[in-house]
């Protein structure tokens, strides 16, 4: 199962996210900055959607993964982990994604046992100038006891 | 179909292959009308977020749908004008079947001076049983409008 290995990985200060094939495709890694889990997406030509701009879908994908991993990291240690799946994902695009590194974080608005409401944000260079944000509702499927 | 829509039909397939991220994911052009576009995303292992459960990542579906409804906006605009996604909401109504090819159909249902309103769905074989619905908006630069646009 991916989740326990992921939960263990996310307790490290930094690491690559190759356990998740799509995260490996985007070349993602993470860094714990204080208590905050930051996802890092280095620039690559393959992320481009129109000349000189990142594809909105790659930014949306990064935001969703920031949310997913933040939800997994928030689960109590040692317990069986739920399967976490997004049910609704709403992405607002504020600025174009330039050809440079993008970072994303997520914060949990409400951590329920069945539903987790999350807000995620992505920026480049200056954190107070977000390029995109997402509101994501995740549903948790717990293994049967 | 309009002359522009015919022109877009010729252009769309090769264009998709030239957009690096669409090429990386393997997006394919299927068909279009005067205000709608159909694209496909064939299954590949690197599109998954959880290989143990065969769960797709959200990113590839967002990329597919954003591209699809973006093209539908351009078609409805009737011109190749720069535009940007303002927002896009995706509702995942069920999981795709394992290793399915995902088909997207998106349309622009309302065009104003600056904003295109779009909607679409993704399915894995039966459009009557979708896996996801999307709604969104795109911004066009009003200043770039040719005269006469209503």
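Protein chains in written order, with the working numbering: chain A, 5 to 149; chain B, 253 to 402.
Positions of the beta carbon are idealized from the N, C-alpha and C atoms, including for glycine.
Note that the structure is a prediction, hence the values are computed from the model and not measured.
Whose Cβ in chain B lies nearer than 8 Å to the Cβ of residue i?
i, result
"residue 34 of chain A", "By Cβ distance, chain B contributes nothing, its closest Cβ being about 14 Å from residue 34 of chain A, past 8 Å."
"residue 8 of chain A", "Chain B residues near residue 8 of chain A: none, gap ~11 Å exceeds 8 Å."
"residue 28 of chain A", "298"
Tell me whether residue i sits in a helix, a strand or coil according to DSSP, three-state version.
i, result
"residue 45 of chain A", "strand"
"residue 301 of chain B", "strand"
"residue 257 of chain B", "helix"
"residue 125 of chain A", "strand"
"residue 275 of chain B", "helix"
"residue 318 of chain B", "helix"
"residue 77 of chain A", "helix"
"residue 266 of chain B", "helix"
"residue 290 of chain B", "strand"
"residue 368 of chain B", "strand"
"residue 51 of chain A", "helix"
"residue 12 of chain A", "helix"
"residue 312 of chain B", "helix"
"residue 147 of chain A", "coil"
"residue 131 of chain A", "coil"
"residue 25 of chain A", "helix"
"residue 358 of chain B", "strand"
"residue 69 of chain A", "helix"
"residue 220 of chain B", "Shown here, chain B extends from 253 to 402; a query on residue 220 of chain B therefore has no answer."
"residue 19 of chain A", "strand"
Going by the DSSP bridge assignment, what does residue i pair with across the sheet?
i, result
"residue 344 of chain B", "B/384"
"residue 106 of chain A", "A/45"
"residue 137 of chain A", "A/96 and A/125"
"residue 2 of chain A", "Past the edges of chain A, shown from 5 to 149, lies residue 2 of chain A, and the structure says nothing about it."
"residue 114 of chain A", "A/121"
"residue 335 of chain B", "B/392"
"residue 363 of chain B", "B/368"
"residue 84 of chain A", "None, per the DSSP bridge assignment."
"residue 283 of chain B", "B/290"
"residue 375 of chain B", "B/355"
"residue 307 of chain B", "B/302"
"residue 58 of chain A", "A/52"
Using a C-beta to C-beta distance shorter than 8 Å, which residues of chain A count as neighbours of residue i?
i, result
"residue 325 of chain B", "Chain A residues near residue 325 of chain B: none, gap ~13 Å exceeds 8 Å."
"residue 294 of chain B", "Correct list: empty, because the minimum Cβ distance to chain A is about 15 Å."
"residue 307 of chain B", "87 and 89"
"residue 301 of chain B", "24, 25, 26, 27, 69 and 72"
"residue 312 of chain B", "26, 61 and 65"
"residue 381 of chain B", "Residues of chain A passing the Cβ test: none, with the nearest at roughly 17 Å."
"residue 378 of chain B", "Chain A residues near residue 378 of chain B: none, gap ~21 Å exceeds 8 Å."
"residue 328 of chain B", "What residue 328 of chain B touches in chain A: nothing, since even the nearest Cβ is about 18 Å away."
Can you give me the Cβ contacts of residue i inside the same chain, cut-off strictly under 6 Å, excluding the 5 residues immediately before and after it?
i, result
"residue 36 of chain A", "17"
"residue 344 of chain B", "384"
"residue 350 of chain B", "306"
"residue 100 of chain A", "57"
"residue 62 of chain A", "51"
"residue 170 of chain A", "As shown, chain A starts at 5 and ends at 149. That puts residue 170 of chain A outside it, with no answer to give."
In its own chain, which residues sit with a C-beta less than 8 Å from the C-beta of residue i, not counting the 5 before and 5 after it?
i, result
"residue 23 of chain A", "6, 9, 10 and 13"
"residue 109 of chain A", "40, 41, 42, 43, 70, 74, 124 and 125"
"residue 274 of chain B", "268, 315 and 319"
"residue 137 of chain A", "67, 95, 96, 98, 123, 124, 125 and 126"
What residues from chain A crowd round residue i, counting only those whose CB sits closer than 7 Å?
i, result
"residue 375 of chain B", "Here the premise fails: no neighbours, minimum Cβ distance about 17 Å."
"residue 367 of chain B", "None at all; the shortest Cβ gap to chain A is about 13 Å."
Residues in the same chain with beta-carbon distance under 7 Å from residue i, minus the five sequence neighbours each way, listed in chain order, please.
i, result
"residue 348 of chain B", "308, 354, 376 and 383"
"residue 27 of chain A", "21 and 69"
"residue 328 of chain B", "287, 360, 363 and 368"
"residue 88 of chain A", "72, 75, 76, 142 and 144"
"residue 372 of chain B", "317, 320, 321, 356, 357, 358, 359 and 386"
"residue 312 of chain B", "277, 293 and 299"
"residue 285 of chain B", "253 and 257"
What residues of chain B sit near residue i, judged by a beta carbon separation below 7 Å?
i, result
"residue 19 of chain A", "Correct list: empty, because the minimum Cβ distance to chain B is about 16 Å."
Who are the neighbours of residue i on chain A, taking C-beta pairs under 9 Å?
i, result
"residue 297 of chain B", "25"
"residue 315 of chain B", "53, 59, 60, 61, 62, 64 and 65"
Going along chain B, which residues have a C-beta under 9 Å from residue i?
i, result
"residue 101 of chain A", "Going along chain B, no residue has its Cβ under 9 Å from residue 101 of chain A, so there is no contact; the nearest lies around 10 Å."
Exercise. In chain order, what residues of the stretch 32-59 of chain A put their CB closer than 9 Å to some CB of chain B?
Worked result: Flagged, chain order: 48, 49, 50, 51, 52, 53, 54, 57, 58 and 59.
Problem set entry | Near-chain B residues of the stretch 86-98 of chain A (beta-carbon distance less than 8 Å), N- to C-terminal order | Listed in sequence order: 87, 89, 90, 91, 92, 93, 94, 95, 96 and 97.
Exercise. Looking at chain A, which residues of the stretch 335-361 of chain B have a Cβ within less than 9 Å of any of its Cβ atoms?
Worked result: 336, 337, 338, 339, 340, 341, 342, 343, 344, 345 and 347
For this session: Closer than 8 Å, Cβ to Cβ, to anything on chain D: give me those residues from the stretch 255-273 of chain B, in chain order.
Result: The structure shown has no chain D; the protein chains it does contain are A and B.
Exercise. If you measure beta-carbon to beta-carbon, which residues of the stretch 59-79 of chain A are closer than 8 Å to chain B?
Worked result: 59, 60, 61, 62, 64, 65, 66, 68, 69 and 72
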